[in-house]
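Enquirer: Protein chains in written order, with the UniProt record's numbering: chain A, 1 to 132; chain B, 1 to 132; chain C, 1 to 132; chain D, 1 to 132; chain E, 1 to 132; chain F, 1 to 132.
1. Would DSSP call residue 34 of chain E helix, strand or coil?
2. Using a Cβ-Cβ distance under 7 Å, would residue 26 of chain B count as near chain E?
3. I need the DSSP call for residue 44 of chain D, collapsed to helix, strand or coil.
4. Which two residues bound the contiguous alpha helix (DSSP H) that contains residue 96 of chain C?
5. Check whether the region 56-64 of chain B touches the region 14-23 of chain F, taking contact to mean three or more Cβ pairs, one atom from each stretch, closer than 8 Å.
6. Can you tell me the Cα-Cα spacing of residue 72 of chain E and residue 65 of chain C, whole angstroms?
7. Report yes or no: is there a C-beta of chain B within less than 7 Å of the C-beta of residue 57 of chain E?
8. Look at the alpha carbon of residue 23 of chain F and the alpha carbon of residue 28 of chain C, and state the distance between them as a whole number of angstroms.
9. So for residue 77 of chain F, helix, strand or coil by DSSP?
10. Name, please, each residue of chain A whose Cβ falls closer than 8 Å to the Cβ of residue 109 of chain E.
11. Hey, residue 121 of chain E and residue 61 of chain E: beta-carbon distance below 7 Å or not?
12. At 9 Å on the CB atoms, spell out the chain F contacts of residue 119 of chain A, in chain order.
13. Looking at chain E, is there any beta carbon in it that lies within less than 7 Å of the beta carbon of residue 76 of chain D?
14. Would you please state the rounded distance, in angstroms, between the beta carbons of residue 78 of chain D and residue 74 of chain C? I believe it to be under 8 Å.
15. Are the CB atoms of residue 70 of chain C and residue 67 of chain D within a distance shorter than 7 Å?
16. Evaluate residue 128 of chain C with the Cβ neighbour count: other Cβ atoms within 10 Å of its Cβ, from every protein chain shown; 16 or more gives buried, anything less gives exposed.
17. Can you list, in chain order, the residues of the region 46-72 of chain F whose Cβ is nearer than 9 Å to any Cβ on chain B?
18. Is the beta carbon of residue 38 of chain B less than 7 Å from the beta carbon of residue 94 of chain E?
19. Residue 101 of chain B touches chain A at which residues, Cβ-Cβ below 7 Å?
20. Give the single residue among B/124, B/109, B/87 whose Cα lies nearest to the Cα of residue 50 of chain A.
21. How should residue 10 of chain D be labelled, buried or exposed, when 16 other C-beta atoms within 10 angstroms of its C-beta is the threshold for buried?
22. Measure from the alpha carbon of residue 20 of chain E to the alpha carbon of each residue in E/34, E/106, E/46, then state which is nearest.
23. When DSSP labels each residue in this structure, what does residue 120 of chain B get in the three-state scheme?
24. Please state the DSSP three-state secondary structure of residue 57 of chain B.
25. Only counting the same chain, and skipping five residues up and downstream in sequence, which positions put a Cβ closer than 7 Å to that of residue 126 of chain B?
26. Run through DSSP, which three-state label would residue 129 of chain F get?
27. Taking 7 Å as the threshold (C-beta atoms), are residue 115 of chain D and residue 104 of chain D in contact?
28. Comparing C-alpha positions only, which one of C/40, C/44, C/52 sits nearest to residue 44 of chain E?
29. Per DSSP, what kind of secondary structure is residue 92 of chain B in: helix, strand or coil?
30. Does the distance from the CB of residue 112 of chain E to the CB of residue 48 of chain C come in under 7 Å?
31. Using a 10 Å radius around the Cβ and a threshold of 16 neighbouring Cβ atoms, would you call residue 88 of chain B buried or exposed?
32. CA-CA distance, residue 40 of chain C and residue 33 of chain C?
33. Please compile the residues from chain C whose C-beta is within a distance smaller than 7 Å of the C-beta of residue 79 of chain D.
34. On the CB-based measure, 16 or more other CB atoms within 10 Å of its CB, does residue 76 of chain D come out buried or exposed?
35. Along chain C, which residues have their Cβ under 8 Å away from the Cβ of residue 98 of chain D?
Next up, the structure:
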């Protein structure tokens, strides 16, 4: 019973800690932006992506963030989230050069416009002094 | 002048070697499928994605394949290529568990249907005896 | 013959009335924006989507607008139209809470970024005093 | 403490009950298809979409299924899930005519090919004797 | 009044003639496939895309079909329609080589998988003896 | 050997000349925007799309630009590139009316929002005095 209780607590707690580890202040701002419109969605965002998925052991955080930067670049319709995750990638140890390579690779799989727009977002993030 | 010549040769040669290293027989079959319809496209496929992009030093092949599996799962409209690259990922050292995690992560960024369809493709590849 | 004539007239007239009922002023602005670039397209927009489709009896307007808000959120590349249709949904009787639920549901089918960006648009519309 | 425990239990239990109510046998088959490849993903699928989202009170199940049929038709890259949810829509009380209208409406928002392909899936589901 | 009547008649008649000119038998089969599921949609398909859009004078049919083959290749989620329109392009005078070039160009704008899948469809159409 | 050397040189040179012919100053600005973030990507952009693809003889530049305007309108997630290519289309002899028709045609294949957003971009380009 104690295990189950810990599980409930840890899902939210673990998610919030993971969100802070990966996305830092940008993650907090996403949560705040949901105040007054969909506060439950902030909770789901903490619990499912961060509490469940990012907390799984079988893939390291660097690889997870490379996967996310790749996908958001390829989809090409989620610039605010790409921005957060380029910073997130750097926060967990992906180098700027690796971010740039990941985005360039998307030219092959989603076309040059997707890659160009991803590089534009990366340039903005880097200009704002993303930690290397 | 010798450098430039080597550069021409190496772009095609380097691409073909890289394609074979990553995609193995499946890559050869893609090239063959272009015979009689667009043979020049087979050459471009060797030269640009494999000769130029995959051959760049700043991101290891494992990370590149994780990025590609993520993007193709998220786009959801390129099952044949996802199949080739799930095998490709395994060929360059990504474990089956890492492939599964990468695809599951896409539920967060592109929705559960995209992830489910990606897992279905992975199941097929694994059933065909993908090297672990 | 009279029937056919009425049909011609009613298609445009019916469409314009339906556009005004659903989209209100925002719909008028879309039509005006086409002046000087593609005035025929304004006519098609009135005739086909509104004169033909929205005027069909078998699905009520509330359900149609829920379907449109869902689709535009999921596609994630049509923010101006999503804005118009969140207001349109409210104009035909969908509550703010139902709009928010519809958008949140898209996290499952198109990913969290699509839902987050949809909620951002909804927040803007609600802040501009959308009728409840 | 009892509340929290009930919450843990009910999330999975509630999700499984909701999945069965909406998707019936087709839902079970989706869960089974994940055996041996990603059993945890089956659990997430029960817990987040069905235990969290579909169980929310502010939007009725008919409207949720109309939203999902609309979105999957518009995205156009998730035919297996569209099939499950056309049946799911009918299971929760959407009529065949309403399903057809919802899909036709997508011609306006995602183009005629998306609507045509959605109608083809609906025809298959109806031919397999979907309950009206 | 006679003009308006002619306009009604000509919209459907003109659309059907244009559909037959462009898509030939494949177009008829699309219409037939809608019998028993959405017959009104067959009428809209004749009236709006073919009666309104394809019948406009300012862009020749060859260019329209090149645009459609490009878009359907890039979207990558409408293989049945791409098949019909590759044949349609050839029916209105686009050469096989021009079809192949149009699809190859999409590698730049939508990625290599989209182009490869488009070439696969073209290969099928050509193998079925598309008129040159 | 001289041929091979000329081939290396001409790929970059030919691409740059083609980029300037099609995209003019806007193309130069795209290249400059890559300074300091991904200069190699500027080179690939010159070499592959412009040096390889646009330089192929089997499809005239007008048709290529119609294909690109169609695809970027349909994808709906690459407004900056659509802007460059609407101007590019005009630079190689496509008329404003043909640009508008190409975009309007996309309402049929990718929906009215995609076409409306494409027309908005065209209006901006035309207002900035695109050469007719």
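Glycine included, C-beta positions come from ideal geometry on N, C-alpha and C. All values reported here derive from a predicted model rather than from experimental measurement.
Expert: Once the coordinates are examined:
1. coil
2. no
3. helix
4. 96-110
5. no
6. 27 Å
7. no
8. In this structure, the straight-line span from the alpha carbon of residue 23 of chain F to that of residue 28 of chain C is close to 35 Å.
9. coil
10. 111, 112, 113
11. no
12. 33, 34, 37, 38, 41
13. yes
14. Wrong, their Cβ atoms sit about 10 Å apart, outside the cutoff.
15. yes
16. exposed
17. 47, 48, 52, 53, 56
18. no
19. The contacting residues are 56, 58, 59.
20. B/109
21. exposed
22. E/46
23. helix
24. coil
25. 96
26. coil
27. With respect to residue 115 of chain D, residue 104 of chain D sits close: the two C-beta atoms are nearer than 7 Å.
28. Comparing Cα-Cα distances from residue 44 of chain E to each of C/40, C/44, C/52, the minimum goes to C/52.
29. Note: residue 92 of chain B maps to coil in three-state DSSP.
30. no
31. Burial check for residue 88 of chain B: the Cβ neighbour count within 10 Å reaches 16 or more, so the residue is buried.
32. 12 Å
33. Listed along chain C is no residue with a C-beta nearer than 7 Å to that of residue 79 of chain D; the closest approach is about 13 Å.
34. buried
35. 58, 59, 63
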